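Numbered by full-length UniProt numbering, the letters in the sequence shown go through residues 1 to 305 in order.
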Amino acid sequence: GAYVPIDPAFPAERIRYTLEDSGAQVIVTNESLAGSYQDHKSIQVVQVEKAVQQSRSLDLPEGSADQLAYVIYTSGTTGKPKGVQLTHRNLSHYVNWLTNEVTLQECDRTALLSSYAYDLGYASIFPVLKAGGTLYVPREDVYTDPVRLMRLIDEQELTYIKMTPSLFHMMADSKDHAFNALRLVILGGEPIVSEDVETFMKQHPCVAVMNHYGPTETTIGTVTKLITPQELGALMDRSVIGQPTAHTRALALNRQQRLVPYGAPGELYISGEGVSRGYLNQPELTAERFLENPYYPQERMYRTG
């Protein structure tokens with residue numbers, strides 16, 4: 001089975017739509033929130049606190065790489081969220097890449113600094129667990145408060161974090177904090193602000209900063225760049241998202257799906273191991289955005305728009 005992450009802070013209508021559109025059969029939640037789902041009579045509600053007390057060993061069916069791992073609902077242009085279907089192959093590809101790229105180990109520690117209902121924070125969840133490291137899950141009021149966030153990084157001795165540039169802006173000027181354990185900051189979800197990166201890197205020269213680009217449809221992050229102090233000036237003049245990750249291709253194509261020359265405008269298409277199945281219950285939209293790669297016919301590519 002696959003899971004669908006739902007933030008209890010979402011509007012009730014969005015939660016209802018997500019449960020109905022996904023065909024959810026079980027809701028796993030806390031005891032304090034269980035009453036919120038009493039109107040969904042056809043869905044079994046499992047309370048974590050009770051389930052832990054009644055835990056027992058189960059014989060789980062053997063899974064395959066192409067089975068669904070999760071479905072994430074992103075905001076849709078029509079007003080209704082779209083369910084993006086990600087497989088175990090998609091997720092494993094990303095997790096293995098990041099684990100190897102930044103050499104995650106058992107000694108690494110990170111924190112989830114965003115809602116688990118979006119894949120922004122999945123760079124923090126799955127890779128560190130695969131490496132045998134530590135994942136800290138703070139409350140939202142902790143990581144959205146700059147003072148408490150910086151204290152969290154110091155006190156929990158976090159070694160890497162993933163956050164939006166907006167959140168990073170709050171801690172860019174952090175000269176009063178040593179961040180002795182921190183070695184990597186991954187920025188994603190929004191365009192980076194070069195001035196913030198410059199301020200932070202001057203105060204913390206031993207901390208690497210990585211830009212991370214990737215729509216949910218291509219699994220968390222597919223184009224990345226490790227930013228060096230020497231490149232900051234160039235980034236202020238021209239935005240650069242980076243290079244494709246392993247087993248990923250990024251193509252700039254024109255309307256006829258032909259490669260555009262260097263420096264010419266084009267639309268970004270992404271193909272490779274991270275490209276998802278498409279949208280749940282939306283075959284027409286899936287056919288419009290997920291296409292055969294004309295240069296590598298064995299691959300599908302996602303039209304980012």
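The C-beta atom is built at its ideal place from N, Cα and C for all residues, glycine as well.
Just so it is clear, the structure is predicted and the values come from calculations on it, not from any experiment.
query: Check the C-beta distance from A2 over to Y94 and give it rounded, since I have them as a contact under 8 Å.; result: Not confirmed; about 16 Å, so no contact.
query: Contact between the region 173–180 and the region 122–130 is defined here as three or more beta-carbon pairs at a separation below 8 Å; is this criterion met?; result: no
query: Could you check what DSSP says for T18 in three-state terms: helix, strand or coil?; result: helix
query: Suppose contacts are defined by Cβ-Cβ distances below 8 Å. Is A131 in contact with T164 by that definition?; result: no
query: Within the continuous beta strand (DSSP E) that includes L120, where are the two ends?; result: Counting along the chain, L120 falls outside any beta strand (DSSP E), and DSSP gives it neither H nor E.
query: In the DSSP assignment, the alpha helix (DSSP H) including S166 goes from what residue to what residue?; result: 165–171
query: Which same chain residues, not among the five before or five after E31, have their C-beta less than 8 Å away from its C-beta?; result: Q47, V48, E49, K50
query: Which class does residue 306 belong to by DSSP, given the choice of helix, strand or coil?; result: Any question about residue 306 goes unanswered here, given that the chain covers just 1 to 305.
query: Cutting at 6 Å between CB atoms, please list the residues of its own chain near T134, excluding the five before and the five after it.; result: R109
query: If you compare alpha carbons, which of T245, G214, E288, A252 is closest to V102?; result: T245
query: With the cut-off set at 8 Å, would you say T159 and L182 are in Cβ contact?; result: yes
query: What three-state label does DSSP hand A252 in the structure shown?; result: strand
query: What residues are listed by DSSP as bridge partners for I27?; result: V45
query: Going by DSSP in three states, H212 sits in which element: helix, strand or coil?; result: strand
query: How is L152 classed by DSSP in three states: helix, strand or coil?; result: helix
query: Rounded to whole angstroms, what's the CA-CA distance from F179 to D141? Just pull it up for me.; result: 20 Å
query: Look at the Cβ atom of A264, then the Cβ atom of V223, and state whether they are nearer than 8 Å.; result: no
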